[in-house]
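Written below as structure tokens is the structure these notes are about.
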Amino acid sequence: MTKLNELTAHQLQDMYRKGQATPGQLVADLYETIEAKDKALNAYLTLLSHEEVAQQAQRAPAGPLHGIPVAVKDLISTQGIRTTAGSQILKNFVPIYDATVVRKLKAAGAVVLGKTNLDEYGMGSSNENSSFGPVKNPHDPARVAGGSSGGSAAAVAAHEAIVALGTDTGGSIRLPAAFCGVVGLKPTYGRVSRYGLIAYASSLDQIGPIAKDVRDCALLLGVIAGHDPLDSTSLATDNVDYLDGLDQGVSGFRIGIPKEYVEGVSEPAAMRLKAWKEAFVKLGARFVNVSLPHTPYALPTYYLISCSEASANLARYDGVRYTGRMSDDSLYDVYAQTRDRCFGPEVKRRILLGTYALSAGYYDQFYGKAQRVRTLIQRDFSAAFQQVDLLLAPTSPTPAFKLGEKVDDPVTMYLTDVYTVSINLAGVPAISIPGGTVEGLPFGLQLIADTLQEAKLLRAAYAFEQSC
130 MTKLNELTAH QLQDMYRKGQ ATPGQLVADL YETIEAKDKA LNAYLTLLSH EEVAQQAQRA
190 PAGPLHGIPV AVKDLISTQG IRTTAGSQIL KNFVPIYDAT VVRKLKAAGA VVLGKTNLDE
250 YGMGSSNENS SFGPVKNPHD PARVAGGSSG GSAAAVAAHE AIVALGTDTG GSIRLPAAFC
310 GVVGLKPTYG RVSRYGLIAY ASSLDQIGPI AKDVRDCALL LGVIAGHDPL DSTSLATDNV
370 DYLDGLDQGV SGFRIGIPKE YVEGVSEPAA MRLKAWKEAF VKLGARFVNV SLPHTPYALP
430 TYYLISCSEA SANLARYDGV RYTGRMSDDS LYDVYAQTRD RCFGPEVKRR ILLGTYALSA
490 GYYDQFYGKA QRVRTLIQRD FSAAFQQVDL LLAPTSPTPA FKLGEKVDDP VTMYLTDVYT
550 VSINLAGVPA ISIPGGTVEG LPFGLQLIAD TLQEAKLLRA AYAFEQSC
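Here the sequence shown is numbered in our numbering, starting from 130 and rising by one per residue.
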């Protein structure tokens, strides 16, 4: 018999309306599953008590997410609930306010279930950089869940949450969604407020939904999107009902597969791409040859920009204010010992890279040049979207790899992001949906759209999902 927590949010809402289930029954099923699975998966860093969540569900207002428990990535501020960013330096930090997205969730009737594990400060592709231990993949616990939103994706895939929030700076929603076999969307930069998000790279970070299917993804995006005066980068656009027109199909859509995204892909991945193309042709789409010529420069450009912004953003963690403190000696010792002992190796690596790139004499050579290349990458996407409605590519070069396989080789790990970082540099939206299996593991299909075209993206993703 199917348990309530194995259903989607829209199925549960329908059952609530018909009197076939209650939020309290759902919460009971969720906690039974979490108790059975999460010790092995390590998806949650902080889990509210069964009683507290049940009380939230009882008090939840009517709305599109009434009585739906949501897992929140532990990079997003939650009032009165510990928010660690996966780091020892914030292991006891409890925010005094909710992020805008959390406030919107509560207003829509959602229930905050807990905070999910992540690579420290969002810096990683495998969720092995968390100072609280890695998240395991629900499909194979010997493999990674993907990063940095691995806890959120694993929780949804393992039915430990109905939907979840993640953040995406260079693929951190889409990669774990692909590895765990769920749906994850990175919205247009500025579409969703970043107020209350602990910053990694401010010009790249974006909050987005992770869900079991495309309809739930559209439902959650409709709740969290919209202009926010508290975020200076928030776009002043009207919000959209992403469920409206979701089932209109893709007949007449022009889709491009960038040639740079398929060079050197493995034979199993190439077979998946061929199957995806055939599926969309059957749905009425046609394919157009496109190129994103500056793609080879995307990874170094991304890491120069993101590390530089991380160097500036993480300077606030000094052991003086709301963070842990490892020394009471001189001010220098407070700074040095706190940061040395509380930051993990990947965070230190990126701070050092960013600080060097911003240093006197090197700023224009590294950071300045990276920003100019970023403009060229943005122009590549603009030119492509004059020819096509959508771009199609794999989310990652491979399915989930084994725990420890790449952790000692940062360059090989960074190459995991090769199909995702360009999208963040360009600021456009992209979605990863289950695209079948490779080597018996989930393999993600990525669709990319032009700025503010999330509705078109979701419509195409839904059409593919329904055709499978």
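C-beta atoms are modelled at their ideal positions from N, C-alpha and C, and glycine is treated no differently.
Using a Cβ-Cβ distance cut-off of 8 Å, the segment 306-317 and the segment 579-595 are in contact, since at least three pairs of beta carbons, one from each stretch, lie closer than that value. In this model, Thr-207 and Asp-227 are separated by some 5 Å (Cα to Cα). Looking at the DSSP output, Phe-416 sits in a beta bridge with Ile-384.
Relative to the Cα of Val-536, the nearest Cα in the group Pro-429, Ser-254, Leu-402 belongs to Ser-254. Scanning its chain for C-beta atoms nearer than 7 Å, with the 5 sequence neighbours on each side dropped, one finds around Pro-571 the residues His-268, Ala-307, Phe-308, Cys-309, Gly-310, Pro-528, Pro-563, in chain order. The C-beta of Tyr-491 has fewer than 16 other C-beta atoms within 10 Å across all chains shown, which makes the residue exposed. Your pair Thr-245 and Tyr-173 checks out as a contact, with CB atoms roughly 6 Å apart and the cut at 8 Å.
In this structure, the alpha-carbon of Val-394 lies about 14 Å from that of Leu-521. Residue pairing by DSSP places Asp-269 opposite Asn-266 in a beta bridge.
Taken through DSSP and simplified to helix, strand or coil, Tyr-173 comes out as strand. Across the set Val-476, Thr-213, Thr-524, Lys-233, the C-alpha of Thr-213 shows the shortest separation from the C-alpha of Leu-176. Every unbroken stretch of the beta strand (DSSP E) spanning 3 or more residues and falling wholly within the segment 532-571 is given here in chain order: 559-567.
Following the DSSP letters along the chain, one finds Ile-353 inside the alpha helix (DSSP H) bounded by residues 343-353. With respect to Leu-443, Tyr-250 sits close: the two C-beta atoms are nearer than 8 Å. When beta bridges are read from the DSSP output, Gly-337 appears opposite Gly-295. A Cβ-Cβ contact shorter than 8 Å links Phe-593 with Phe-409.
Straight-line spacing of the CA atoms in Ala-330 and Leu-412 works out to 38 Å. Burial is judged here by how many other beta carbons sit within 10 angstroms of a residue's own beta carbon; Glu-135 has fewer than 16 and is exposed.
In this structure Ile-353 is not in contact with Val-312, their Cβ atoms being roughly 15 Å apart against a cut-off of 8 Å. Counting C-beta pairs with one atom in each stretch, the segment 500-516 and the segment 452-466 have fewer than three that are closer than 8 Å, which means they do not touch. DSSP places Ile-302 in the coil class of the three-state scheme, outside both helix and strand. Of the residues Gln-377, Val-391, Gly-351, Gly-325, the one whose Cα lies closest to the Cα of Ser-361 is Gly-325. Residue environment for Arg-479: buried (at least 16 other C-beta atoms within 10 angstroms of its C-beta). Lys-477 sits exposed, since fewer than 16 C-beta atoms from the chains shown fall within 10 Å of its C-beta.
Judged by beta-carbon spacing, Gly-473 lies within the 8 Å limit of Asn-258, meaning their Cβ atoms are closer than that value. Between the segment 414-422 and the segment 376-393, the count of C-beta pairs closer than 8 Å reaches three or more; the two stretches touch. Residue nearest to Ser-551 within the set Ala-138, Gly-275, Thr-430, Gly-262 is Thr-430 (criterion: CA-CA distance).
By the Cβ neighbour-count rule, Leu-170 is buried, with 16 or more other Cβ atoms within 10 Å of its own.
The segment 183-190 makes no contact with the segment 280-298; the number of CB pairs closer than 8 Å stays below 3. Sorting Leu-482, Val-369, Trp-405 by C-alpha distance to the C-alpha of Ser-437 places Leu-482 at the top.
DSSP places Val-476 within a helical segment (H, G or I) once states are collapsed to three.
With at least 16 other beta carbons inside 10 angstroms of its own, Leu-433 counts as buried.
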